[in-house]
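Inspection log for the structure reproduced underneath, given as structure tokens.
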Amino acid sequence: MASATTDGFGHDTTTDEVLEGIDLSGKLALVTGASGGLGAETARALAARGAQVVLTARDLAKAGAAAQAIRDETGAQVEVEELELDSLASVRAFAQRFLSRHDALHLLVNNAGVMACPESKTQDGFELQFGTNHLGHFVLTNLLAPALLRAAPARIVSLSSRGHQQSPVRFDDLAFEKEPYDKWVAYGQSKTANVLFAVELERRLGGRGVHAYAVHPGVIPTDLSRHMAKEDFEHVRQRGGGKLQLKTVASGAATSVYAATAPELEGRGGLYLEDCHVAEIDDGSEARSGVRAYAVDPDAAKRLWTLSEELVGQVFDL
Ligand SMILES: NC(=O)c1ccc[n+]([C@@H]2O[C@H](COP(=O)([O-])OP(=O)(O)OC[C@H]3O[C@@H](n4cnc5c(N)ncnc54)[C@H](OP(=O)(O)O)[C@@H]3O)[C@@H](O)[C@H]2O)c1
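Quick note, my numbering runs 51 ahead of the 1-based positions in the sequence shown.
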């Protein structure tokens, strides 16, 4: 991918600024949860640089409108596909359809997610946030790995969150069977799982030219907050040190497209990024940024992979 410089990239950098000078023609990108929010903007920005994009969504009417807006603006080839990440049957059916149509996948952006929802389960009986945010993408990525390997160099970007700081993966009580359900702890462990997944993907695929990244996009007003009450906004504000430094959607999606394309990331991965930079490990109690050590721990990453295989009933020998 052509040159770009990260000089000056930061909190307010936009997708188009990150991608300036980058040519994605001939590349195929798949963005999950792309009917709105960060996913739609990520797909638009990649399409604007010449990528062919596949948008996945559970609401096809909403995604169809997002796809048409991208076609109108960029002239790019845009496909819309149904994918419910809280149903492994839907994930497997989608992967089969995708692989029957496409040999190679250059960029996979695991963007879809839910946050702080009331206690609930996926269609397969997993805690909803872990099941949707991690397990759905775990199966999807593994099933699409042959196409990523054929496209190498290729990249996998998973949307994590600073919310990962609220909990490691709770291997001894993943589904809140011992402790009462806490919607923020559940979100936190699912977002830690997104980082650990990138670490283990990198170990397994990095040597073959497929690199994996986890991203904190920032704090962006989107439909993600649909389950939040007034006191939840206060909770998020306190975690941010008493203030919410909001981003626009174009700046929120910038770190995703940075992870997907930045030339300086070529050849390395297993990294957590925020504000268009690789973040440092920070375990300080006052840490407002950075990644917790437990989220990049290689042993926890291997353990999560094995546990995820057991839960979904499928071994992925990548
Ligand atoms: N916004 C923020 O401040 C923020 C901060 C940190 C991390 N993030 C992460 O960024 C990612 C994108 O979030 P966003 O802010 O753009 O939120 P959003 O506007 O709510 O977008 C989330 C997308 O995920 C889709 N989705 C949810 N559950 C799904 C399921 N079971 N199957 C398939 N698709 C599903 C939604 O589809 P529907 O439209 O059908 O619901 C939507 O398209 C998430 O992973 C989130 O955790 C966001």
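Glycine residues also receive a C-beta, built at the ideal position from the N, C-alpha and C atoms.
For clarity, every value in this text was computed on a predicted model and none was experimentally measured.
Does DSSP classify Val308 as helix, strand or coil? helix
Asp368, buried or exposed, once every other Cβ within 10 Å from all chains shown has been counted against 16: It counts as exposed.
Considering only DSSP beta bridges, list what Glu36 is partnered with. This structure leaves residue 36 out entirely; the chain is present only between 52 and 369.
If distances are taken between C-alpha atoms only, which option among Lys294, Glu285, Gly320, Pro272 comes closest to Ala301? Closest option to Ala301, Cα to Cα, is Pro272.
Near Ala155, which residues of its chain fall below 7 Å by C-beta distance, leaving aside the five closest residues on each side in sequence? Leu79, Ala198, Arg201, Ala202
Length of the line joining the Cα atoms of Phe248 and Ala112: 31 Å
Return the CA-CA distance between Ala344 and Gly126, expressed in angstroms with no decimal places. 43 Å
Whole angstroms are fine: how far does the CA of Pro219 sit from the CA of Lys234? Going by the C-alpha atoms only, they are around 14 Å apart.
Could you check whether the Cβ of Asp334 sits closer than 6 Å to any heavy atom belonging to ligand 1? no
If contacts are defined as beta-carbon pairs under 8 Å, then Ala96 and His157 qualify, I think. What distance do you get, rounded to the angstrom? That belief does not hold up - the Cβ atoms of Ala96 and His157 are roughly 15 Å apart, past 8 Å.
Expected contact under 8 Å - CB spacing of Gly51 and Gly84 to nearest Å: Nothing about residue 51 can be read from this structure; the chain reaches only from 52 to 369.
Is the region 136-152 in contact with the region 60-70, if contact means three or more CB pairs nearer than 8 Å? no
At what residues does the alpha helix (DSSP H) containing Leu262 begin and finish? As written in the sequence, residue 262 is His, which differs from the Leu given in the question. Where His262 is concerned, there is no enclosing alpha helix (DSSP H), although the beta strand (DSSP E) it sits in stretches over 261-267.
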